[in-house]
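Numbering (my numbering), first residue to last: 55 to 1223.
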């Protein structure tokens, strides 16, 4: 800021007042003047007469330099646009800046055609081919849509659309032409058989062509799946579709059928009975693998119930078959044409008795159902031609085995006495004698020996100095004249004496030896015969300690060359190191100290490091360079070290491109933009071919087709193509991403096609913001009457769209979710009843009783259920009830609906759980049978448990039935069946609760009343074991029981396997029509039938349904259950109860007890929660 000091002079003249500021003199003594008082002197001010003009003053648009910067009106003028057509809108191509609009200029530049006064922004659009309102669109859809009709047939190409105000020549209002270059082809044309779609309906030759079918195998029959349509028969095709395999000429309707797993004759059947190579099979009614010659069937594979032989002589009895056991029963059991022939089961062996001494010849037996004449049952005669020779006859000294004990003359009643003479000195011991016809070996006729283990000691021997009574006179060494010898103590008993411990004897004293060679008489292992060990001792008494070869020593190897590694074949064992030897045996050349494991490998053709590979990774290898192109020059970046030059490598590395054999230091430089001679320069000194290059100003890899130049090499800023349609924008080039920007970004002459940012819009006629999904267009800008959102299911009603709240149960899908209007909780099950708008309940007919809860059918039970007792439906015997039995017996509301209750396999009741919950299941097994003179009936087990079940679970329920029988003797009473509750999941069966059935009771007349505990249904999982007289094990782990004893009934069946069959006492005959093998009970998995009671007396001692075993002569049947009960017995002796069946429980709150009533079992199921 300037501070002025001085005086003001007011000069009055010419009617105006002038202020003059006179400041202090300058340093040169001049006076500085500011005439206009604007703070700037006349030397600084560009107009010192105007106080509004001075440096830093505001510039105004007035044609004056207000701020003294040498420019007038800078940055304050307005841009004006030429308005040539005078419509008030200017062209942005011609502009000027001024303070006021020049003549012919306006302030906006938005005119799209400044030569037409009718075209400007806001003007009314007319259908005249002009953009009247300058919005970038011509005619703004005022024109009609026409289709280019190039062939003049009245139909245009629907892909070549024109919008026009009038129908011009070459256009049509009709689309649909599929070939707009051919006037004979159009939607109005008639279809001709010419392999052309003449009528443009998308089908070729339809209605006029014929169908032909490929015959690839040339058998005159066609493949229906390989079809062509043509006007004439093509080669390799036929007009029938009868072939079922067009790759095999032998397979067709006229082909022969073979047993090969293929439908050879195309009749839809494989391997029929009339096949050329079909086999004859024979019915095997009794399943014994042998067929009935009178009942045949031809087939390719063995039919169920048939076999490939016809050897059965009784196809109604499985026991009777070829190779079967022949029984003593009056039948031909083995089908050999003979009845009860020799060797029949049940027959007794008989032996010929030629001498009539009641003992037979054991070498010639015969097995017979009855005793033949001249035969006996004892086979022990050793001479059937002498009636004095037989077992137990007196033995005589006659050289014969009189008593048949395989020892002739032994202990003969007329033989002399002999004495044991073990030492063979002719005198024996009078304490060990034998009477024999001849002097036995090892015996003497005289006794008196006092040491029968020493042949030098006897009554006639000379007395010696030996500490023994040699002559058996009771005195030791009496009267001997022999000298005494020195003997050495052998304390350790190794046969070698101690030189420091000796004495004189005239005999061999015990504990002494006649040598003094032991070096340690306190150690048995130390002696001249001892093994030397590495232990610091002389173990073998050779005055050497731990010598070479001692046990426990290490192997040392000769190291001849002294390189620390030994030769593997030159070894010694030593307790300590040996000079010239080493522990390592890996030297491969022990004569060369430069050769050893780990030695440096050299290029010398030798294996220096003993790894069996000479010269590998040698330290003096040469470096070689890969020569991939074979031009004699190597790649410096790809090397290999080796002792000799490898194939494909060279010793130099001057190649600069090892993939081109013409490029190397010896190459010739040519004009190819390559350094051919590897000198570091490209195309240097050449005059080869020049190429046309295009300017790439925007550096996008595409050149300007209008800017090009020839070069030999690659010029900077140029490219080889001229495809860029805008070389000033590097976002625009061929195949660039197209954007919604009204530009041709990818240079394909189309704007915004498939652009990034393009959107799908949906026709929204009801203007509710949601369009119709299948009425869509793609556009960069939202068209009128279209919406960004789809899924409107009623585009004629703005109150129906995905945003509208659903009104339930009115039959209208207001929110367009496609779901049922009668399934509010979305569980897939429609409502049973609902309330209408008046609050009245309306039945809809669905099954959902709570449409507000989607869990488990909303908790709706399949049917009303509290409890039910499943029974045998009044059916008795070995098979259970049928569906019709239980339909008539039960009285529930649900059992007649096969979706909830059905019987498919007889006796097994299938029940569908009605709802989720805890169910209490109480299963009771059936009783075993007892008649009036039997001991008391055994009782079935009662098993209870609580089980969590889910709605829809399928339970298989088998209710056990009581066993049968009526005989008052013979123990023939059947076992009771177990009661089963089993979960079925597909083909898997899991037991939940099983109650074991009781075993059959024994008859009073044939038993002393063994413990009934064996016979009651068992509370544990194992079947009852009968052990009163003979043990027959009950089954365990779900398996059937076993049998034991000479007579057996059938054992009880388990869950997994059947019970064992019993013993055949009588086969079928007129006397015993029910004879046969008593059958064990079937397992649950095999249907649970009770065993059939083949027997001699009782009319029907069957096992009860549920796996009960049948009764047999001598033994009652075992009870069925989780594991079957065993059975055992003895005819005319004793029998136990049949063992009770085992039980099983997977529930909680378990209880187990015995039933208090006799009869069939039951299963009671109660819903607790």
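All C-beta atoms in this analysis are idealised placements derived from N, C-alpha and C, irrespective of residue type, glycine included.
With a cutoff of 8 angstroms on beta-carbon distance, residue 1049 and residue 979 are scored as near each other.
Between residue 852 and residue 822, the CB-CB gap stays under 8 angstroms.
Scanning the region 670 to 723 for uninterrupted beta strand (DSSP E) segments of 3 residues or longer gives 676 to 680, 689 to 696, listed from N- to C-terminal end. In the structure shown, residue 1067 adopts helical secondary structure according to DSSP, grouped into three states.
In the DSSP assignment, residue 215 forms a beta bridge with 201.
Per DSSP, reduced to three states, the secondary structure at residue 1218 is strand.
In the structure shown, the three-state DSSP call for residue 922 is strand. In the three-state reduction of the DSSP assignment, residue 194 falls in the helix class. For residue 995, the uninterrupted beta strand (DSSP E) segment begins and ends at 995 to 1003.
Between the alpha carbons of residue 273 and residue 303 lies a distance of about 5 angstroms. With a cutoff of 8 angstroms on beta-carbon distance, residue 1175 and residue 1197 are scored as near each other. Inter-segment contact for the region 456 to 464 and the region 478 to 485 is absent: fewer than three beta-carbon pairs are separated by less than 8 angstroms.
Between the alpha carbons of residue 530 and residue 521 lies a distance of about 6 angstroms. For residue 1139, the secondary structure class from DSSP, reduced to helix, strand or coil, is helix. Assignment of residue 942 by DSSP, reduced to helix, strand and coil, places it in the helix class. Listed as beta-bridge partners of residue 169 by DSSP are no residues whatsoever.
With three or more CB-CB distances shorter than 8 angstroms, the region 1089 to 1105 counts as touching the region 1161 to 1174.
Counted as a single uninterrupted DSSP element, the beta strand (DSSP E) harbouring residue 962 occupies residues 962 to 966.
Looking at the backbone, the Cα of residue 318 and that of residue 311 are separated by about 5 angstroms. Rounded to the nearest whole angstrom, the C-alpha separation of residue 622 and residue 641 is 7 angstroms. Residue 550 carries a coil assignment under DSSP once its states are collapsed to helix, strand and coil. Close CB contacts of residue 504 within its chain, under the 7 angstroms cut and outside five residues either way in sequence, are with 511, 523, 526 (chain order). The beta carbon of residue 950 is closer than 7 angstroms to those of 941 in its chain, skipping five residues each way along the sequence. Contact annotation: the region 1072 to 1091 does not touch the region 1211 to 1219, with fewer than three C-beta pairs closer than 8 angstroms. Straight-line measurement puts the Cα of residue 1047 at about 16 angstroms from the Cα of residue 1221.
Residue 386 places its beta carbon 8 angstroms or farther from that of residue 411. Closest by C-alpha distance to residue 930, out of 1019, 1108, 1159, is 1159. In this structure, residue 405 and residue 419 form a Cβ contact; the two beta carbons are roughly 5 angstroms apart against a cut-off of 8 angstroms.
Contact between the region 245 to 264 and the region 219 to 235 is established, with three or more Cβ pairs separated by less than 8 angstroms. Within the region 798 to 841, the runs of beta strand (DSSP E) that reach at least 3 residues and sit entirely inside it are, in chain order, 813 to 817, 830 to 833. Beta-bridge partners assigned by DSSP to residue 1037: 1009, 1044. For a cut-off of 8 angstroms, the C-beta gap from residue 680 to residue 689 is around 5 angstroms, short enough to register as a contact. Measuring C-alpha to C-alpha distances from residue 134 to each of 682, 116, 158 identifies 158 as the nearest. In the DSSP assignment, residue 605 is bridged to 587.
Setting aside the 5 residues that flank it on each side, residue 1081 is surrounded in the same chain by 1068, 1190, each with a C-beta closer than 8 angstroms to its C-beta; the list follows chain order.
Ranked by Cα distance from residue 924, the first of 961, 1076, 116, 594 is 961.
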